[in-house]
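For reference, the structure discussed in these notes is given below.
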Amino acid sequence: MIALLLALILLPLFPLSMLFNAGLQALPVWLRVPVLLAFPAAGAWLLNQAAPPPEQYILPLQLLAAFTALLYAWRLLSVQEVFIWARLQATSVWPLVWLAWLHGLHGKTLLFVALAMTIPAAVLMILGSGLSSRFGGAYLGLRGRIGPAFPRLTLAWVVTLLAALAAPPFPGFFAMLAVLQQIPVGLAAVVLAVWLLWSWAAALLWQHGLFGREWPRPAGTVDLSYGAGLGLMLTAVAAVLASIGGWSWWMH
Numbered sequence: 016m017i018a019l020l021l022a023l024i025l026l027p028l029f030p031l032s033m034l035f036n037a038g039l040q041a042l043p044v045w046l047r048v049p050v051l052l053a054f055p056a057a058g059a060w061l062l063n064q065a066a067p068p069p070e071q072y073i074l075p076l077q078l079l080a081a082f083t084a085l086l087y088a089w090r091l092l093s094v095q096e097v098f099i100w101a102r103l104q105a106t107s108v109w110p111l112v113w114l115a116w117l118h119g120l121h122g123k124t125l126l127f128v129a130l131a132m133t134i135p136a137a138v139l140m141i142l143g144s145g146l147s148s149r150f151g152g153a154y155l156g157l158r159g160r161i162g163p164a165f166p167r168l169t170l171a172w173v174v175t176l177l178a179a180l181a182a183p184p185f186p187g188f189f190a191m192l193a194v195l196q197q198i199p200v201g202l203a204a205v206v207l208a209v210w211l212l213w214s215w216a217a218a219l220l221w222q223h224g225l226f227g228r229e230w231p232r233p234a235g236t237v238d239l240s241y242g243a244g245l246g247l248m249l250t251a252v253a254a255v256l257a258s259i260g261g262w263s264w265w266m267h
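Our numbering numbers the first residue of the sequence shown as 16 and each following residue consecutively.
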């Protein structure tokens, strides 16, 4: 039972998720990404060690997890700041880990689900810092194309956002398939609704940053370095290949 309670802190459901988001917002920038990655990894490990909850708690946990996932997915629709978007999306992801665990998903697959859909949010935080350092607070009100001014940063942002949406063939897509295979039809409809809301919210972000008039490059700023851009692309390709291979192995 102690492991289960600790998992509720590390993979928070509403209203604990409010405390987590407030705490993450208050942390220094350099500490936010490690915390965002450590919480789901430790939470999934604890769930793997925990005994199933008593029968009378299973339905309330399922309802709370479904509500939390939908709440934060809906909240994304009104967010333009990339860091806030990333942490809210991660908070919407973690309830899906609970749903999968409550229906028998365990072991390395549960850890894969938790990390495959959280790592893109962590990378988005890093890219959000890049946007903020180049545009300042002005990037919250972008109504034009930043691609011509920062092509490599824009490409990294688009690819990472696709990964965060669990679009194929990124690892999150296979993680979502693992969740959907594990849960009953009613909960699967909730997960699909959450997935749709993520895509809608991302479309709003893209509308502000990829279309319209060309946004000029602020004086004294530079694009993402070639090395950093190449590193992100190679990491994305490696993650895709690894997840495809892992999914093929799991299916057989």
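Glycine residues also receive a C-beta, built at the ideal position from the N, C-alpha and C atoms.
Task: Cut-off 7 Å between Cβ atoms - residues of its own chain near Pro68, not counting five sequence neighbours on either side - done: Leu19, Leu76
- [ ] Can you give me the start and stop residues for the alpha helix (DSSP H) that Phe185 sits inside?
- [x] Run containing Phe185: none; DSSP gives neither H nor E here.
Task: Gly119 to Ala193 span [Cα, whole Å] - done: 11 Å
Task: Proximal residues to Arg90 (C-beta, below 7 Å), its chain only, five neighbours per side dropped - done: Leu103
Task: Those runs of the beta strand (DSSP E) which lie wholly inside the region 198-226 and span at least 3 residues - done: none
Task: Outcome for Tyr87 when other beta-carbon atoms lying within 10 angstroms are tallied against a minimum of 16 - done: buried
Task: Alpha-carbon spacing of Trp172 relative to Leu139, whole angstroms - done: 7 Å
Task: Residue range of the unbroken alpha helix (DSSP H) whose run includes Phe98 - done: 97-117
Open item on the list: Pairs of beta-carbons, one from the region 50-62 and one from the region 20-40, closer than 8 Å: are there three or more?
Closed with: yes
- [ ] Would you mind stating whether Val209 and Ala84 have Cβ atoms separated by less than 8 Å?
- [x] yes
Task: Assigned secondary structure, Ala178 (DSSP; H/G/I helix, E/B strand, else coil) - done: helix
Task: Opening and closing residue of the alpha helix (DSSP H) in which Leu26 lies - done: Careful: Leu26 lies outside any alpha helix (DSSP H) and carries neither H nor E.
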